[in-house]
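Have a look at the structure below, then the notes.
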Amino acid sequence: MALMNITKRPLTQMARMHARPFPGQAEYEQTLQDLSDASVHRNFDPYLDIDWDSPELAIIENDPRWVCDPQFDPIGRHPWYQAQPLDKQIEMGLWRQANVAKVGLQFESMLIRGIMQYTAALPNGSPEFRYATHEAKEECQHTLMFQEFVNRVGMDVPGGNIFLRRISPIVPLFATLTPLFFYMMVLGGEEPIDHLQKQFLRSAGVQHPAMTRIMQIHVAEEARHIGFAHQLLERRIPTRGRFPRLLLSLMLPITMRVMVTMIMMPPHQFWETFDIPREVKKDIFWRSPESQQTKRDVFGDVRMMAQKSGLMNPLSRFMWRLCGIDGRISRFRSEPAYAAQ
Ligand SMILES: [Fe+2]
Ligand SMILES: [Fe+2]
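Taking this note's numbering, the leading residue of the sequence shown gets 632, the next gets one more, and so forth.
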């Protein structure tokens with residue numbers, strides 16, 4: 632009978648009592664509900680949805696489909712690479728793809744640990760708790776998928792450089808200390824990979840079917856993750872004071888600039904193993920005009936998020952330029968870079 636005296640409120644209302652309300656909160660919560668529903672009804676398991684042992688997916692020697700694509704990969708575009716014998720181009724391409732997968736999983740591992748930190752502090756009834764946990768579950772599947780691919784390639788690739796591996800245990804702490812900055816780092820990791828994978832899938836580029844399958848699964852689920860990070864930042868940044876917003880506006884381009892290099896530039900083992908001249912490395916990351924363009928193009932959606940969140944001001948615009956990643960602002964998410972040209 633005592634139970635009847637307990638005041639029962641809808642749980643979402645309870646969650647709201649713990650945080651300051653913000654404009655558009657109901658809409659934000661509805662988006663999270665929709666994203667959570669989509670995660671339940673459309674998700675993948677790398678061991679059910681990829682037939683790793685099919686002959687079609689076998690990774691065999693001297694398969695020219697592993698040559699770095701000149702259209703999307705700054706390495707494949709460089710005349711030095713194109714002048715190498717075909718078997719070396721293939722070996723470099725395979726090493727590169729395996730290493731990108733390894734970097735991807737190292738990022739996702741940081742993200743999963745950070746999300747767990749973030750959700751641990753959320754109140755009962757929080758729609759963010761539910762969606763973020765769905766996301767972490769999907770990221771676990773992605774790390775399994777990427778590691779399986781690396782194992783099947785059979786090259787002992789290190790993934791990120793020493794800096795990335797050193798900061799890995801520290802990054803999740805930001806999810807507790809400065810969640811908005813943490814979600815910026817999430818975008819910095821997800822946007823470049825997602826942008827390049829989408830570009831590739833949209834093109835008629837020749838690709839190994841194992842890579843195509845991995846990209847299809849990844850792009851399908853990343854769309855939700857990136858949508859969540861955009862929503863969270865767009866809704867929560869405007870609630871912060873003037874000074875934190877200024878700081879975030881300057882940190883955003885710096886974070887994107889550091890992260891795109893960490894993701895796209897292979898570690899020193901790559902340059903040493905394949906005996907690549909220093910000048911070639913400099914051209915590729917990021918001296919040549921084409922490389923500079925690639926670096927700019929991957930952040931069209933982040934610039935859009937920055938604008939919507941009020942993070943574009945004269946100082947931050949200068950910082951975007953200084954970091955070499957200023958450029959066109961996407962009109963909608965995933966707008967292809969060529970659409971506005
Ligand atoms: Fe992922
Ligand atoms: Fe993700």
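Glycine included, every Cβ here is placed at the ideal spot set by N, Cα and C.
Heavy atom of ligand 2 within 7 angstroms of residue i beta-carbon
| i | result |
| --- | --- |
| Glu903 | no |
| Glu821 | yes |
| Glu759 | no |
| His765 | no |
| His856 | yes |
| Glu910 | no |
| Glu865 | no |
Contact set for residue i: own chain, Cβ-Cβ below 6 angstroms, skip 5 residues either direction
| i | result |
| --- | --- |
| Trp711 | Val911 |
| Arg888 | Cys954 and Ile956 |
| Ser940 | Leu864, Glu865 and Ile868 |
| Glu739 | Glu770, His773 and Thr774 |
| Phe675 | Ile848 |
| Phe930 | Met887 and Ile956 |
| Arg744 | Pro803 |
| Trp726 | Met786 |
| Pro654 | none |
Neighbourhood of residue i by C-beta, 7 angstroms cutoff - its chain only, sequence neighbours within 5 removed
| i | result |
| --- | --- |
| Glu708 | Glu is not the amino acid found at residue 708; the sequence shown has Arg there. Answer for Arg708: Pro701 and Glu921, listed in chain order. |
| Lys926 | Val891, Trp917, Gly955 and Ile956 |
| Leu742 | Glu770, Val817 and Gly820 |
| Trp902 | Lys912 |
| Gln830 | Phe703 |
| Tyr659 | Gln862 and Arg866 |
| Pro840 | Glu687 and Leu688 |
| Thr582 | Residue 582 falls outside the range modelled here, since the chain spans only 632 to 972, and no answer is possible. |
Distance cut-off 7 angstroms: residue i Cβ against heavy atoms of ligand 1
| i | result |
| --- | --- |
| Glu770 | yes |
| Glu739 | yes |
| His672 | no |
| His849 | yes |
| Glu853 | yes |
| His826 | no |
| His861 | no |
| His773 | yes |
Three-state secondary structure assigned by DSSP to residue i
| i | result |
| --- | --- |
| Ser670 | helix |
| Asp914 | helix |
| Asn755 | coil |
| Ala633 | Summary for Ala633: the model assigns pLDDT 49, below 50, so the residue's position carries little reliability, and this model does not support an answer. |
| Asn792 | coil |
| Phe930 | coil |
| His773 | helix |
| Glu966 | coil |
| Asn730 | helix |
| Thr764 | helix |
| Thr809 | coil |
| Val817 | helix |
| His839 | coil |
| Ile801 | coil |
| Ile848 | helix |
| Glu692 | coil |
| Arg651 | coil |
| His709 | coil |
| Ile824 | helix |
| Gln972 | Interpretation of Gln972 is limited by its pLDDT of 45, a score under 50 that renders its predicted location unreliable; the figure taken from the coordinates is listed afterwards. Gln972 falls in the coil class under three-state DSSP. |
| Gly958 | coil |
| Ile868 | helix |
| Phe780 | helix |
| Phe703 | coil |
| Pro686 | helix |
| Gln715 | coil |
| Met890 | helix |
Other residues of its chain near residue i: CB distance less than 8 angstroms, five sequence neighbours each side excluded
| i | result |
| --- | --- |
| Gln748 | Pro803, Leu804, Ala806 and Thr807 |
| Asp718 | Asn693 |
| Met893 | Val734, Gly791, Asn792, Phe794 and Leu795 |
| Asp932 | Glu822, His826, Ile857, His861, Ser961, Arg964, Ser965 and Glu966 |
| Pro898 | Asn730, Pro789, Gly790, Gly791, Asn792 and Ile793 |
| Gly836 | Asp700, Gln702 and Phe703 |
| Ala851 | Arg673 and Phe675 |
heavy atom of ligand 3 below 7 angstroms from residue i C-beta
| i | result |
| --- | --- |
| Glu779 | Inclusion of ligand 3 in the displayed structure is not the case, the ligand content consisting of ligand 1 and ligand 2 alone. |
Cβ contact check for the stretch 806–823 and the stretch 864–872: 3 or more pairs under 8 angstroms: yes
At least 3 beta-carbon pairs within less than 8 angstroms: the stretch 686–700 vs the stretch 649–669: no
Segment contact, 8 angstroms Cβ cut-off, at least three pairs: the stretch 778–796 with the stretch 728–738: yes
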